[in-house]
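Data first, discussion second: the structure below is written as structure tokens.
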Amino acid sequence: MACLIVILALLNSLGQLLHSDAAPTYVHNRCSTTGNFTLNSLYHSNLNLLFSSLSSNATMLKKVGGGKLFWCKETEYNRENRRV
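Those letters in the sequence shown? Residues -22 to -1, 1 to 62, by mature numbering (1 follows the signal peptide of the UniProt record, and there is no 0).
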């Protein structure tokens, strides 16, 4: 009897793992394109600092599918694991 309970519990667990819900469909987009922070605030200056840091640390342009260019930060990992 205990063996049957264990088998049923395992089957139930397996069924729950294999069952996946569909991704939700979002009807409305509530993202603002104008920003929601005060100009010349600490947050604004931190954003500017972050963006300038990201672009100044990018050392090469990479073409990705469709001819789009992306900045790529050259790292030791990239140099050692580059595929030819």
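Cβ atoms here follow ideal geometry from the backbone N, Cα and C, with glycine treated the same way.
All values reported here derive from a predicted model rather than from experimental measurement.
For residue i, the three-state DSSP class (helix, strand or coil)
{"i": "Asn(-11)", "result": "helix"}
{"i": "Ser19", "result": "coil"}
{"i": "Ala1", "result": "coil"}
Chain-order list of residues whose beta-carbon lies under 8 Å from that of residue i (same chain, five-residue window excluded)
{"i": "His22", "result": "Phe15, Thr16"}
{"i": "Ala(-14)", "result": "none"}
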